[in-house]
Amino acid sequence: MASLNRDKRLLLVFIHGFRGDDVTFKDFPERLRTVLTNTVPRLDVEALVFPKYETQGELSAAVQRFCLWLQDHIKQSQQVHSNQQAQTLILLVGHSMGGLLAADAILHWQSKQSSMIDGIGGSNHVLRVENTTAAVVGLVAFDSPFYGVNSTLWTDTAVERATEITSQVHSYMPALTTVGTAAASWFASSNSSATTTSAARQATTSTASRWGAAKWGALAIGGLAASAAAAATYAHRDKIQTGVQYITSHLEFVGALVRKDELETRVRQLTALPTVGFHCFYVQLERQSLQRRTFVALPPPNAERYFSPIHSAAKDEVQGHITIFDPAVNHHYYALGDETLEKIASMLQFHADGLTTLPD
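Our numbering applies: residue 860 is where the sequence shown begins, and numbers increase by one.
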């Protein structure tokens, strides 16, 4: 573990991803905090979870809200510890889109600092959170799509999930058929009660009546369903319009994943910062396959050293993505914790030693 040359306070700031919430990380933050507190001398650690935020609208808006929130928290924390000389360090931890949000926050602070510094500090100038003295140590991300989402999610995984849903629907078909038959019989009985008592006409029309009753019964059921759907649509037209806007706004948030040039630029700029560490762990299914099954698109060769696979026994990439912090599903949960601690320790040691370039 790292060895510090002076007292420091470390804020581990956790940021959830798309449609995540305050408990996305489960007890992972507290585990990291406990181990770091007990193993790194002269380090006071606080695990801080960014409260649930709306993952809609442009990603940049969420970045601004996060930066203001963290800035306020740092100032309050430093006021509480105003009589101490401990330096405050910030390490961001993001899951899924939270990793991109964290990266953009770091780049935001870097751009603000660059505009204020006129050749002071050189290449190893410590990056600080805007309007504070807190130094940014680095970013550790988990299954964050820095290069977008793996294209196989729209093929292999989608087909698997569709097949599963189809089989579930088929299991209900006998019941649906029974309901349809009963409804048709009801219409048939209602129609037959109105037929004439003439034996000849009854014999002539019996077959046609049964066929007609079944047909009209089916049409009636379909008509009732269509009418009900139309009525419901009209009655809830405001809610439906709101729902469309809701979906559209969320698509805006994840729209950053399809802008390839922007994705590549983000990683290139982030890894170019000499005093800020970066590493991303990504889910890789253990299942045998012709190609690697991952939720995120894999990095290009020149960036591979910043990424490490997390082997998962999940049934597919989506489940693996959302159960990273669940030891009941992620059998490598504790090993992941150890690897995460190693990455954090190396970033802390950099600040203790005053190196000019962080190790990968």
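Built from N, CA and C at the ideal position, the CB exists for glycine as well.
When the Cα of residue i is compared with those of the options, which residue comes out closest?
i, options, result
"leucine 948", "Ile1181, Met956, Arg901", "Arg901"
"alanine 1168", "Leu1157, Asp1175, Asn1161", "The sequence given here has proline at residue 1168, not alanine. Measuring from the Cα of proline 1168, the nearest candidate turns out to be Leu1157."
"histidine 1210", "Arg1146, Leu1144, Leu986, Asp1175", "Leu986"
"leucine 1207", "Thr1130, Glu1123, Glu889, Val1135", "Val1135"
"leucine 951", "His1138, Glu913, His1180, Gly916", "His1138"
"arginine 1125", "Ala961, His1180, Gln1178, Glu1201", "Ala961"
"tyrosine 1006", "Leu1116, Ala1194, Leu891", "Leu1116"
"histidine 1180", "Thr1199, Pro1159, Ser955", "Ser955"
"histidine 1170", "Val899, Gln935, Glu1198", "Glu1198"
"proline 1133", "Pro910, Leu918, Val996", "Val996"
"aspartate 880", "Ala906, Lys911, Val872", "Lys911"
"leucine 869", "Pro1186, Arg878, Leu907, Leu959", "Leu907"
Bridge partners of residue i, per DSSP?
i, result
"valine 999", "Val952, His1138"
"glycine 1007", "Phe1005"
"isoleucine 1169", "Val1142"
"isoleucine 1181", "BP columns for isoleucine 1181 are empty, so no partner."
"threonine 1153", "Gln1143"
"arginine 874", "Reading off the sequence shown, one finds isoleucine at residue 874, where the question assumed arginine. Gly953."
"valine 908", "Phe873"
"threonine 947", "Arg868"
Quick one: using the 10 Å Cβ neighbour count with 16 as the cut-off for buried, is residue i buried or exposed?
i, result
"arginine 1118", "exposed"
"proline 1004", "buried"
"asparagine 1189", "buried"
"leucine 927", "exposed"
"arginine 1146", "exposed"
"alanine 1187", "exposed"
"glutamate 1201", "exposed"
"valine 841", "Given a span of 860 to 1219 for the chain in the structure shown, any question on residue 841 remains unanswerable."
Rounding to the nearest angstrom, what Cα-Cα distance links residue i and residue j in this structure?
i, j, result
"isoleucine 874", "glutamine 1150", "30 Å"
"threonine 991", "lysine 971", "12 Å"
"phenylalanine 884", "serine 973", "33 Å"
"histidine 932", "valine 1142", "32 Å"
"glutamate 989", "alanine 1131", "19 Å"
"threonine 1011", "alanine 921", "28 Å"
"aspartate 903", "valine 894", "11 Å"
"histidine 808", "alanine 1194", "Residue 808 cannot be examined here, being either before or after the span of the chain that is shown, 860 to 1219."
"glutamate 913", "asparagine 897", "35 Å"
"alanine 964", "arginine 1164", "22 Å"
"serine 1108", "glycine 876", "Unreliable positioning characterises serine 1108 in this predicted model, as indicated by a pLDDT of 45, which lies under 50. The coordinate reading is nonetheless provided below. Computed Cα separation, rounded: 15 Å."
"glutamate 1121", "proline 1159", "15 Å"
"asparagine 1161", "leucine 918", "26 Å"
"aspartate 1175", "arginine 1152", "8 Å"
"serine 1205", "lysine 867", "15 Å"
"leucine 871", "glycine 1196", "14 Å"
Under 8 Å by Cβ, that's how I've got residue i and residue j pegged, so tell me the actual separation to the nearest angstrom.
i, j, result
"isoleucine 1183", "aspartate 1002", "6 Å"
"glutamine 930", "alanine 994", "Incorrect: roughly 14 Å between the Cβ atoms, too far for contact."
"glycine 953", "leucine 998", "7 Å"
"phenylalanine 887", "phenylalanine 909", "Not quite, the Cβ-Cβ distance comes to about 14 Å (not below 8 Å), so this is no contact."
"alanine 1173", "leucine 1144", "7 Å"
"valine 1008", "phenylalanine 1154", "7 Å"
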